[in-house]
Amino acid sequence: MSVLIILLIASITVASIFLFAFLWSVKHGQFDDEISPPYRMLFDDMVPVEATEKIAIATTVEKTETSNQ
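Just so we're aligned: the sequence shown equals residues 56 to 124 in this note's numbering.
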């Protein structure tokens with residue numbers, strides 16, 4: 056039974072150390088992405104198919120309205 060207590064204390068200690076290290080690295084910007092933002096402008100935004108269909112329907116409606124007048 057005493058071994059379980061020792062293992063429990065050891066595991067909580069190790070978990071606390073890893074949590075502290077993770078929080079420290081997040082606070083000091085270790086996970087900041089400094090490489091990809093300049094490349095984002097090179098890629099086109101994907102337009103959803105539904106939006107493309109709405110645009111196509113709107114343009115055909117406009118064309119038919121102008122041709123009917």
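Yeah, the Cβ is synthetic: ideal placement off N, Cα and C, and Gly gets one too.
Supposed close pair residue i, residue j - CB separation, criterion 8 Å
i	j	result
S28	F73	Here the chain covers residues 56 to 124 and nothing more, so residue 28 does not appear.
Straight-line Cα distance separating residue j from residue i
i	j	result
A70	V58	18 Å
D99	S91	14 Å
S65	R95	First, the residue type needs correcting, since residue 65 is Ala and not Ser in the sequence shown. Each residue's alpha carbon lies about 45 Å from the other.
H83	F75	12 Å
L63	L97	51 Å
Where the alpha helix (DSSP H) through residue i begins and ends
i	result
I64	S57 to K82
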